[in-house]
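What follows is a set of notes on a single structure, which appears directly below.
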Amino acid sequence: MGHIEDRLTHLGLELPPEIRLPPGVVLPFAFVNVRGDRAIVSGHGPQLADGSLAPPFGQVEREVSLEQAIHSARLTALSMLGSLQRELGTLDRITGWQRVFGMVNSVPGFDQQPAVINGFSDLILDAFGPEVGRHARSAVGVASLPFGIPVEVEAEVSIGSASS
Amino acid sequence: MGHIEDRLTHLGLELPPEIRLPPGVVLPFAFVNVRGDRAIVSGHGPQLADGSLAPPFGQVEREVSLEQAIHSARLTALSMLGSLQRELGTLDRITGWQRVFGMVNSVPGFDQQPAVINGFSDLILDAFGPEVGRHARSAVGVASLPFGIPVEVEAEVSIGSASS
Amino acid sequence: MGHIEDRLTHLGLELPPEIRLPPGVVLPFAFVNVRGDRAIVSGHGPQLADGSLAPPFGQVEREVSLEQAIHSARLTALSMLGSLQRELGTLDRITGWQRVFGMVNSVPGFDQQPAVINGFSDLILDAFGPEVGRHARSAVGVASLPFGIPVEVEAEVSIGSASS
Numbered sequence: 082m083g084h085i086e087d088r089l090t091h092l093g094l095e096l097p098p099e100i101r102l103p104p105g106v107v108l109p110f111a112f113v114n115v116r117g118d119r120a121i122v123s124g125h126g127p128q129l130a131d132g133s134l135a136p137p138f139g140q141v142e143r144e145v146s147l148e149q150a151i152h153s154a155r156l157t158a159l160s161m162l163g164s165l166q167r168e169l170g171t172l173d174r175i176t177g178w179q180r181v182f183g184m185v186n187s188v189p190g191f192d193q194q195p196a197v198i199n200g201f202s203d204l205i206l207d208a209f210g211p212e213v214g215r216h217a218r219s220a221v222g223v224a225s226l227p228f229g230i231p232v233e234v235e236a237e238v239s240i241g242s243a244s245s
Numbered sequence: 082m083g084h085i086e087d088r089l090t091h092l093g094l095e096l097p098p099e100i101r102l103p104p105g106v107v108l109p110f111a112f113v114n115v116r117g118d119r120a121i122v123s124g125h126g127p128q129l130a131d132g133s134l135a136p137p138f139g140q141v142e143r144e145v146s147l148e149q150a151i152h153s154a155r156l157t158a159l160s161m162l163g164s165l166q167r168e169l170g171t172l173d174r175i176t177g178w179q180r181v182f183g184m185v186n187s188v189p190g191f192d193q194q195p196a197v198i199n200g201f202s203d204l205i206l207d208a209f210g211p212e213v214g215r216h217a218r219s220a221v222g223v224a225s226l227p228f229g230i231p232v233e234v235e236a237e238v239s240i241g242s243a244s245s
Numbered sequence: 082m083g084h085i086e087d088r089l090t091h092l093g094l095e096l097p098p099e100i101r102l103p104p105g106v107v108l109p110f111a112f113v114n115v116r117g118d119r120a121i122v123s124g125h126g127p128q129l130a131d132g133s134l135a136p137p138f139g140q141v142e143r144e145v146s147l148e149q150a151i152h153s154a155r156l157t158a159l160s161m162l163g164s165l166q167r168e169l170g171t172l173d174r175i176t177g178w179q180r181v182f183g184m185v186n187s188v189p190g191f192d193q194q195p196a197v198i199n200g201f202s203d204l205i206l207d208a209f210g211p212e213v214g215r216h217a218r219s220a221v222g223v224a225s226l227p228f229g230i231p232v233e234v235e236a237e238v239s240i241g242s243a244s245s
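Residue numbers (the numbering used here), protein chains in the order written: chain R, 82 to 245; chain Y, 82 to 245; chain D, 82 to 245.
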């Protein structure tokens, strides 16, 4: 167990297992793709503790409230950390967050995407601190998302060697 | 001709020529931008063999069916490989796919973006194999796309030296 | 003052100060995040000379005209250059633009995102010239954007050392 994993435990946070997809869905890509000293992270959504996608589903301000969307963004951060841990062995290999791209399933006119994606950013900063956790970010409203998830986030992080 | 080009020929696939834009359209950016050992690829859409944008146009599940959108994603992969070949000389210089960002022109509520963008991912994996072709990916629904194309994909790849 | 700053002055362009956010808004991320030789730039929007977000707000072709949106994209470029200058000390440290991702707050069916984001690209090319300013780009339509801004752009640039 790494230092970041310890901190997550102290915060009372648990990482979900690999995603359980709906039947028949094939995703022929890597959730985390390591190339050189970068780990490029695919779009993630909120997961329950059993690995399935976490409700509620739909657009923010229609089927999903602002508070629920913020919680979905928080669950999305945990989903991503789970994928990173499985690929890297330990989250301690992350030497710096680079970029976070947060997409909110939004009705036209909804403009509080930053408040939603703060649910993601705040958890990353709590876990990694202000230096390693520092990231560039966009938070935007999209017309729809896979499986009706309310939030999807992709990211990139800098990584050190496995033995360090 | 490189090894990847040979494989595309064996798969019966042909790369389209440079895009023929609608009259009056000026695009003051590079379709492929090489910086160091990365080639950053602009958003591409589906092309016909004569270089023009391939129909159908519009939103998936309104003007464009799911099957048509999957085919558009496949044509978008060929369009991108054409741009990469023209910029790099040969596709063999690609040492690893990094990220793929797939955008589907979606009506609200459409949630099968992964199935659509699989048309892109499957072709890349067929051409480059599981190691080099491995990529992180997001597939999301956007409100509208340039020229009404149903699919747009941007990407990044790692590249080796021209002489290797 | 650097060479790029001189060129901006010759072009009659002024960089806005740090953004003045609406009351109560907290953005816990970096507008520019330097990691190694890359500066990753968060989503930016149009600013007025006093630092506040520049009107008009809303969707292009509903509340915002095409011409106004092009101007918003131009103001967004100035906003981003302001952030880069504050973080890097001088814009001369930018050795090459990598990617530009332009999002236009679009009604369904609007398909002139490239014309809008040209307002951004043209200013970058005027300021940095065709070699350093060369960039990959996507221009897409999104359902909604933070605070109702009509245009949001994120980017990445290559940077040299502070002393060079």
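Here a beta-carbon is modelled for each residue, glycine too, at the ideal position from N, C-alpha and C.
- Sorting V115(D), P189(D), A120(D), T157(D) by C-alpha distance to the C-alpha of A130(D) places T157(D) at the top.
- Taking the CA atoms as reference points, V221(Y) sits about 15 Å from V188(R).
- Pairing V122(R) with E235(R) gives a Cβ-Cβ distance under 8 Å.
- DSSP places H84(Y) in the helix class (H, G or I) of the three-state scheme.
- Here F228(D) has L134 as same chain residues with Cβ atoms under 6 Å from its own Cβ, once five neighbours each way along the sequence are excluded.
- The beta carbon of Q166(R) sits closer than 8 Å to the beta carbons of E86, L96, L172 from its chain, once the five residues preceding and following it are set aside; these are given in chain order.
- In this structure V213(Y) touches I175(Y) by the C-beta definition: roughly 7 Å separates them, less than 8 Å.
- The beta carbon of F112(Y) is closer than 6 Å to those of S123, S164 in its chain, skipping five residues each way along the sequence.
- Judged by beta-carbon spacing, Q193(R) lies beyond the 8 Å limit of H216(R), meaning their Cβ atoms are not closer than that value.
- Taking CB atoms only, R155(R) has no neighbour in chain Y less than 8 Å away.
- Within the model, the alpha-carbon separation for A196(D) versus V106(Y) is close to 8 Å.
- Taking 8 Å as the CB threshold, N199(R) lines the interface with chain D.
- It is roughly 18 Å from the alpha-carbon of P127(R) to the alpha-carbon of R143(R).
- I198(Y) sits in a helix when the DSSP states are folded into three classes.
- In this structure, the beta-carbon distance from G139(D) to S225(Y) does not fall below 8 Å.
- Residue-level contact by beta carbon holds for G124(R) and chain Y, with a gap shorter than 8 Å.
- Not flagged as an interface residue toward chain Y: R174(D), since no C-beta distance is shorter than 8 Å.
- Boundaries of the beta strand (DSSP E) harbouring T176(R): 175 to 186, taken from the DSSP string.
- The DSSP-derived three-state label of V106(Y) is coil.
- Our two residues, L94(R) and M82(R), have alpha carbons roughly 14 Å apart in a direct line.
- Look at P109(R): its C-beta is not under 8 Å from any C-beta on chain D.
- Annotation for A236(Y): the continuous beta strand (DSSP E) segment containing it runs 232 to 240.
- Listed in chain order, the non-local C-beta contacts of P231(D) below 6 Å within the same chain comprise V141, V145, A150, S153, N186, local neighbours out to five positions each way being set aside.
- Boundaries cannot be given for S146(D), as no beta strand (DSSP E) includes it and DSSP labels it neither H nor E.
- If you check the CB distance, R218(R) and G183(R) come in under 8 Å.
- Contacts with chain D (Cβ-Cβ distance below 8 Å) from the stretch 201 to 223 of chain Y involve V223, listed in chain order.
- For G132(D), the closest of P109(D), P103(D), F110(D), G117(D) by C-alpha to C-alpha distance is P103(D).
- The C-alpha of R155(Y) is placed about 27 Å away from the C-alpha of R116(Y).
- Looking at the DSSP output, Q128(Y) sits in a beta bridge with L134(Y).
- Of the residues assessed, E237(Y) falls on the buried side of the cut-off, its CB having 16 or more other CB atoms within 10 angstroms.
- Here the C-alpha atom of I205(R) lies approximately 26 Å from the C-alpha atom of V223(Y).
- For R101(Y), the secondary structure class from DSSP, reduced to helix, strand or coil, is strand.
- Put simply, the backbone Cα of N199(Y) is about 7 Å away from that of P109(R).
- According to DSSP, residue pairing for S219(D) in a beta bridge involves F182(D).
- Excluding sequence positions up to five before and after R101(R), its CB lies within less than 6 Å of the CB of G132, S133, all in the same chain and listed in chain order.
- In this structure, the straight-line span from the alpha carbon of E168(D) to that of L89(R) is close to 31 Å.
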